[in-house]
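Shown next, in structure tokens, is the structure this report addresses.
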Amino acid sequence: MGSRITRLLSDRPRILGLALPGMPSGSPGMGGPKEGPLVVYAVTGPGTWREFRRF
-3 MGSRITRLLS DRPRILGLAL PGMPSGSPGM GGPKEGPLVV YAVTGPGTWR
47 EFRRF
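Note that this note's numbering gives residue 1 to position 5 of the sequence shown, counting from 1, and the numbers run on in steps of one.
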């Protein structure tokens, strides 16, 4: 995952930030087993977002 963050920083896409909503089980910092893919969203503007990546 670190290489993807490095690529994100070098590519400089037109986004405001990234979000992993819902504090899903198995995500970094959360306990429990991973339940399905982790969906990361790119925030593109006020109240707008798109799927960025699935892990």
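Note that CB positions come from ideal geometry on N, CA and C, so glycine has one too.
Notebook entry, point to check: DSSP three-state call for L4: helix, strand or coil?
Noted result: Note: L4 maps to helix in three-state DSSP.
Margin query: Looking at the secondary structure, which residues open and close the beta strand (DSSP E) in which G13 lies?
Written below: Taken as a continuous stretch (DSSP letters only), the beta strand (DSSP E) holding G13 covers G13 to A15.
Notebook entry, point to check: Among residues of its own chain, excluding the 5 on either side of P33, which ones have a beta-carbon nearer than 6 angstroms to its beta-carbon?
Noted result: A distance below 6 angstroms between beta-carbons, with the five flanking residues on each side excluded, links P33 to the following residues of its chain, in chain order: R50.
Notebook entry, point to check: Where does G41 sit, in a helix, a strand or coil, going by DSSP?
Noted result: Correct three-state label for G41: strand.
Check: What does DSSP give as the partner residues of E31 in its beta bridges?
Finding: Per DSSP, none; premise fails for E31.
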